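What follows is a short report on a single structure.
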Amino acid sequence: MIPHPLVLAVLGCDLGALLLLLYAGWVAARVVTNWQADATPEQLRLERQTEAAGLAGSAAALLSLLGSLVLVVAFAGALPGLVPGAMCGTGVLQATGGRGERALALRLLALLLLGAWRLVARLDARTPRAPLVRTAARLLLLAVPVALLAGLDTWRALAALDVHTPVDCCAVVYRHAHEAAAAGTQQPATLRAVPWIVASPLAALVLGVAALAALRRGGERSARRTGLLALAALAFAPIATLALVRVWSAYHYGVLQHHCPWCLLLATHDLVGYPLFFAILLVLFEGPTAWLAQRLGERHAELAAAAAARTRRATWGTLIGLALYVALAFGPALLWRWRHGVWLHG
0 MIPHPLVLAV
10 LGCDLGALLL
20 LLYAGWVAAR
30 VVTNWQADAT
40 PEQLRLERQT
50 EAAGLAGSAA
60 ALLSLLGSLV
70 LVVAFAGALP
80 GLVPGAMCGT
90 GVLQATGGRG
100 ERALALRLLA
110 LLLLGAWRLV
120 ARLDARTPRA
130 PLVRTAARLL
140 LLAVPVALLA
150 GLDTWRALAA
160 LDVHTPVDCC
170 AVVYRHAHEA
180 AAAGTQQPAT
190 LRAVPWIVAS
200 PLAALVLGVA
210 ALAALRRGGE
220 RSARRTGLLA
230 LAALAFAPIA
240 TLALVRVWSA
250 YHYGVLQHHC
260 PWCLLLATHD
270 LVGYPLFFAI
280 LLVLFEGPTA
290 WLAQRLGERH
300 AELAAAAAAR
310 TRRATWGTLI
320 GLALYVALAF
330 GPALLWRWRH
340 GVWLHG
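Following numbering that gives the first Met the number 0, the numbering of the sequence shown begins with 0 at its first residue and continues without gaps.
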């Protein structure tokens with residue numbers, strides 16, 4: 000284990016989040032099994048514990064988010080200098096023996112589940128009857144083991160980090176590019192990029208149209224429109240990520256065939272990866288959130304006003320994420336074309 004300040008900060012955030020989640024999960028288990036409609040002393044005590052667990056869960060979600068951000072910053076900026084041969088996060092992940100990728104994936108899943116729980120819990124708090132209290136408790140119980148696994152995998156990845164054996168992250172990137180070229184029957188780079196050049200603007204267009212349609216108030220098709228928005232957001236996120244790595248990143252690097260997402264997070268490239276990946280994650284979360292809030296508002300009339308407001312905010316959040324991605328991913332390509340008169344595709 001490297002006693003780097005950022006590594007210690009990640010572990011501290013994870014430890015605090017896990018302790019808070021264990022308490023919140025214990026209360027959630029009691030809510031699922033013992034929640035009653037009668038105002039008995041036991042029920043009133045459980046309601047007070049539920050309020051405290053809600054605060055603990057929100058603090059845990061914030062700590063988990065902060066720890067994940069610090070972990071990405073450590074992988075991208077601090078730890079490459081300690082791993083021999085590493086130039087970016089790709090080399091650091093290589094030095095973890097593959098454990099780092101799984102830790103990041105589990106952390107993202109845990110954050111999505113905690114975000115869904117917080118949405119349901121906040122809507123439930125808008126009415127004294129608390130119609131969603133058991134639903135929120137079940138979501139929290141689902142998020143707790145995922146968060147525990149994410150924290151454990153993060154510990155294992157950082158503990159396994161090898162700072163003695165040299166790595167060559169560039170060799171990894173270019174080997175993947177060579178394998179892709181061989182699998183593509185030696186097609187020119189421009190032809191291999193065509194599917195992503197077409198798919199990413201098309202996905203952005205569909206998402207934008209779906210978001211604008213979801214902003215229309217009322218009507219029997221509101222749930223259908225927000226459902227289309229959720230599907231468009233779920234499709235946009237992977238397409239936008241792969242297109243960014245395989246095509247649009249070349250306009251930030253200024254070179255071809257450098258399909259490395261971590262280099263976008265380097266100061267050499269103005270840290271442009273942070274707002275780009277934030278935009279994708281914003282779309283990934285806010286798009287489904289609009290549909291979920293809409294459905295909850297339809298099923299529980301007392302939550303309709305709060306759910307409609309959250310649906311509208313989520314839709315605008317989706318549009319903001321889309322606009323940020325379009326500006327930072329497509330904008331440099333258009334600027335390159337205007338300056339040089341040709342496209343740069345890799």
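We treat Cβ as the ideally placed atom computed from N, Cα and C, and that holds for glycine. Here the structure is a predicted model, which is why all the values come from computation and not from measurement.
### Message
Does arginine 98 pass the burial test, meaning 16 or more other C-beta atoms within 10 Å, or should it be called exposed?
### Response
buried
### Query
At which residues does the alpha helix (DSSP H) containing phenylalanine 367 begin and terminate?
Outside the displayed range of the chain (0 to 345) lies residue 367, so it cannot be described from this structure.
### Query
So, helix, strand or coil for tryptophan 342, using DSSP?
coil
#### Entry: The alpha helix (DSSP H) enclosing histidine 251, as first and last residue numbers
249 to 252
### Message
Can you tell me whether alanine 38 is helix, strand or coil according to DSSP?
### Response
coil
### Where glutamine 185 sits in the DSSP three-state scheme
Confidence at glutamine 185 is low in this model, with a pLDDT of 47, below 50, so its placement is unreliable and the value that follows should be read with caution. Glutamine 185 falls in the coil class under three-state DSSP.
### Message
Taking 7 Å as the threshold (C-beta atoms), are valine 325 and alanine 203 in contact?
### Response
yes
### Task
Over the uninterrupted alpha helix (DSSP H) stretch that includes phenylalanine 235, give me the two end residues.
221 to 242
#### Entry: Range of the contiguous alpha helix (DSSP H) that encloses arginine 98
98 to 123
#### Entry: Helix, strand or coil at valine 208 according to DSSP, with G and I counted as helix
helix
### Query
Would leucine 43 be called buried (16 or more neighbouring beta carbons within 10 Å of its own) or exposed?
exposed
### Message
For arginine 245 and alanine 198, which I take to be in contact (beta-carbon distance under 8 Å), what is that distance rounded to the nearest angstrom?
### Response
Between alanine 198 and arginine 245 the Cβ distance is about 10 Å, and since that is not below 8 Å, they are no contact.
### Task
Could you tell me the distance, in whole angstroms, from the CA atom of glycine 183 to the CA atom of leucine 107?
Unreliable placement is indicated for glycine 183, whose pLDDT of 48 sits below 50; no coordinate value is reported for it.
### Query
When DSSP labels each residue in this structure, what does threonine 314 get in the three-state scheme?
helix
### Query
Does the separation of the CB atoms of alanine 59 and leucine 7 fall below 7 Å?
no
### Query
Any idea if leucine 113 is buried or exposed, counting beta-carbon neighbours within 10 angstroms, 16 or more meaning buried?
buried
### Query
What are the boundary residues of the alpha helix (DSSP H) that glycine 150 is part of?
132 to 158
### Task
Answer yes or no: do glycine 88 and alanine 75 have a C-beta to C-beta separation smaller than 7 Å?
yes
### Query
Looking only at its own chain, which residues have a Cβ that is under 8 Å from the Cβ of alanine 28, when we skip the five neighbours before and after it?
Ala136 and Leu140
### Task
State the Cα-Cα distance for the pair valine 72 and leucine 275, rounded to the nearest angstrom.
15 Å
### Environment of proline 165 [buried if 16+ CB atoms lie within 10 Å]
exposed
### Message
Check whether the region 297 to 306 and the region 120 to 133 are in contact - that is, three or more C-beta pairs closer than 8 Å.
### Response
yes
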